[in-house]
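What follows is a set of notes on a single structure, which appears directly below.
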Amino acid sequence: RRVKMYAAPPRRTFLKKSPLPDSICVSDLCVGNEIVLHSRTLKIVQYADQATEDVLSKTQATSTCVIPPECVSNGKLGSVVSVFENAGLTIKKLRMVALSATEADELSLLMRGDAGDLSSGNCVFMTVTGTNVVKVMEKICHTNSTILCESSSSAASLDKLAFGLEPLATCGPDSTCCVVRPHIMASKQLGAVLSHIESTRAYKIAAMGLFRLDVAMASEFLAVYDGVMPDFASAVKQLSSGRCCAIELAAKDAVSSFRKTAGPWDVNFAREIRPKTIRAKFGVSSIDNAVHCTDLTDAAESELRYFFDVLKPC
1 RRVKMYAAPP RRTFLKKSPL PDSICVSDLC VGNEIVLHSR TLKIVQYADQ
51 ATEDVLSKTQ ATSTCVIPPE CVSNGKLGSV VSVFENAGLT IKKLRMVALS
101 ATEADELSLL MRGDAGDLSS GNCVFMTVTG TNVVKVMEKI CHTNSTILCE
151 SSSSAASLDK LAFGLEPLAT CGPDSTCCVV RPHIMASKQL GAVLSHIEST
201 RAYKIAAMGL FRLDVAMASE FLAVYDGVMP DFASAVKQLS SGRCCAIELA
251 AKDAVSSFRK TAGPWDVNFA REIRPKTIRA KFGVSSIDNA VHCTDLTDAA
301 ESELRYFFDV LKPC
């Protein structure tokens, strides 16, 4: 996993061969995608040669599924997401939405299997990519009857319907903001973190979406922590290193409650005094500490609105 960059033409070295950041996966190397490499946001416009295109194109196919309301309301969202991650698939898009009866009827025509009542509550649309993704998706949906996958001819229509809808967000007084960091997404542990949150039975997942922040966006979001957060520059770099998942959690005293669920900022400290917290279980360092959580009650609404009102989800 090493990367080298050069200007072409001429073949003048732009970046000497160096380790590829863990936050960048092979599935990210597709035309039209943006990656953040050493704090630079780069857009991939074409493959350098036919051999590269032949190899990478095999991993670039995508497929979309729907996780229905019954999974979301019964605390099974995390376990379902883990099924896809454990199959080696990478999540490219994710959005929680509320469908009207008309939208649910339209969607049922695009899916394999019994769609049920998709307007009975919040559901989650998820697009994944990976090698032989269609076959892998079909196998997952066959063995997990609650998951609905697209029919072979419906991909474009489903994507337009699913990701044309606005993401949910109440930004209410009893809500807090949780951001699952890029290193968790890259290591395919989003499902495990969601399951941890669901296992507490303390929160309602009111909204969620996948986002890609550049350095300026990450700096703006974390601005209130500048001077307070240790190593602010590294925190900005980390949050802009790949996709993150923003989640609105609703509960009584949600901000203070979720701070306890997340655990201390310092991962080593968390493992010593709060070993069952998210950061103790999934954190790697004080920067790669699994999740961001709102620290101040007054900041919850602004943090949620930044993601769900200002930014555009993946």
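Position 86, counted from 1, in the sequence shown is what our numbering calls 86; the numbers after and before it change by one each time, with no gaps. All residues carry an ideal CB built from backbone N, CA and C; glycine is no exception. Computed from a prediction, not measured in an experiment: that's the story for all the values here.
TODO: Please say whether THR52 and THR129 have beta carbons closer to each other than 9 Å?
DONE: Between THR129 and THR52, the C-beta spacing is not below 9 Å.
- [ ] Quick one: residues in its chain with C-beta nearer than 6 Å to the C-beta of LYS188, no 5 flanking neighbours on either side, listed in chain order?
- [x] Around LYS188: GLU85.
Task: For LYS188, three-class secondary structure by DSSP - done: Note: LYS188 maps to coil in three-state DSSP.
TODO: From the DSSP output, in three-state form, read off ARG11 for me.
DONE: In the structure shown, ARG11 sits in coil (DSSP, three-state: anything other than H, G, I, E or B).
- [ ] With ARG212 as the anchor, note down where its beta strand (DSSP E) starts and where it stops.
- [x] Looking at the DSSP string, the run of the beta strand (DSSP E) that includes ARG212 is 204-212.
- [ ] Give me the Cα-Cα distance between VAL80 and ASP309, rounded to the nearest whole angstrom.
- [x] Here the C-alpha atom of VAL80 lies approximately 27 Å from the C-alpha atom of ASP309.
- [ ] Output the boundary residues of the beta strand (DSSP E) element that contains PHE232.
- [x] PHE232 -> not in any beta strand (DSSP E); alpha helix (DSSP H) instead, spanning 232-239.
Task: ASP117, buried or exposed, once every other Cβ within 10 Å from all chains shown has been counted against 16 - done: By the neighbour-count rule (16 or more Cβ atoms within 10 Å), ASP117 is not buried but exposed.
- [ ] Starting from the C-beta of LEU29, find all residues in its chain whose C-beta is less than 7 Å away, skip the five residues before and the five after it, and write them out in chain order.
- [x] Taking C-beta separations shorter than 7 Å and ignoring five residues to either side along the sequence, the partners of LEU29 in its chain run ILE44 and LEU56, following chain order.
Task: Spatial neighbours of LYS17 in its chain, beta-carbon cut-off 6 Å, leaving aside the 5 residues before and after - done: Excluding residues within five positions, the ones whose Cβ falls inside 6 Å are ARG2 and LYS4.
TODO: Taking ILE247 as the reference, give the member of GLY283, THR294 and SER219 with the closest Cα.
DONE: Checking every option, the nearest Cα to that of ILE247 belongs to THR294.
Task: Reduced DSSP secondary structure (H/G/I, E/B, other) of LYS139 - done: Secondary structure of LYS139 (DSSP, three-state): helix.
TODO: Whole angstroms is fine: what's the gap from GLU70's alpha carbon to LEU94's?
DONE: Cα to Cα, GLU70 sits roughly 17 Å from LEU94.
TODO: Using a threshold of 9 Å, state whether the C-beta atoms of PHE211 and ARG259 are closer than that.
DONE: Cβ distance not < 9 Å, so PHE211 and ARG259 don't count as in contact.
- [ ] Following the continuous alpha helix (DSSP H) through LYS260, name the residue where it begins and the one where it ends.
- [x] 254-262 is the span of the alpha helix (DSSP H), which, as asked, contains LYS260.
- [ ] If I'm right that ASN144 touches VAL72 with Cβ under 8 Å, what's the distance once you round it to whole angstroms?
- [x] Contact flag wrong, Cβ pair sits at about 15 Å.
TODO: Figure out for me which residue from LEU42, PHE14 and PRO230 has the closest Cα to the Cα of SER285.
DONE: Ranking the options by Cα distance to SER285, first place goes to PRO230.
Open item on the list: Measuring CB atoms only, is the stretch 163-173 touching the stretch 271-289, in the sense that at least three cross pairs come out at less than 8 Å?
Closed with: With the rule of 3 Cβ pairs closer than 8 Å, the stretch 163-173 does not count as touching the stretch 271-289.
- [ ] Measure the CB-CB distance between PHE125 and ILE67 and report whether it falls below 9 Å.
- [x] Against a cut-off of 9 Å, the Cβ pair of ILE67 and PHE125 comes out as a contact.
TODO: For my contact list, LEU161 and MET111 are in at a C-beta cut-off of 8 Å; report their separation, rounded to the angstrom.
DONE: Incorrect: roughly 11 Å between the Cβ atoms, too far for contact.
- [ ] Measure the alpha-carbon distance for LEU168 versus GLU301 and round it to whole angstroms.
- [x] As the crow flies, the alpha-carbon of LEU168 is around 14 Å from that of GLU301.
Task: DSSP three-state assignment for PHE163, whether helix, strand or coil - done: PHE163 carries a coil assignment under DSSP once its states are collapsed to helix, strand and coil.
TODO: Could you name the residues of the same chain whose beta carbon sits closer than 6 Å to that of VAL255, not counting the 5 residues immediately before and after it, in chain order?
DONE: Cβ-Cβ distances below 6 Å link VAL255 to THR176, THR294, THR297 and ALA300 in the same chain, with the five nearest sequence neighbours on each side left out; the list follows chain order.
Open item on the list: Looking only at its chain, what residues have a beta carbon closer than 6 Å to the beta carbon of PHE14, apart from the 5 residues adjacent to it on each side?
Closed with: Contacts found: MET5, TYR6 and ALA7.
- [ ] Please state whether DSSP places HIS196 in a helix, a strand or coil.
- [x] Here DSSP, grouped into helix, strand and coil, assigns HIS196 to helix.
Task: Endpoints, the alpha helix (DSSP H) within which ARG305 is located - done: 300-305 is the extent of the alpha helix (DSSP H) around ARG305.
Task: Span of the beta strand (DSSP E) around SER175 - done: Per DSSP, SER175 belongs to the beta strand (DSSP E) from 175-180.
Open item on the list: How far does the alpha helix (DSSP H) with PHE84 in it extend, from its first residue to its last?
Closed with: Bounds of the alpha helix (DSSP H) holding PHE84 are 77-86.
Task: Residue burial classification, ILE287 (beta-carbon count within 10 angstroms, cutoff 16) - done: That one is buried.
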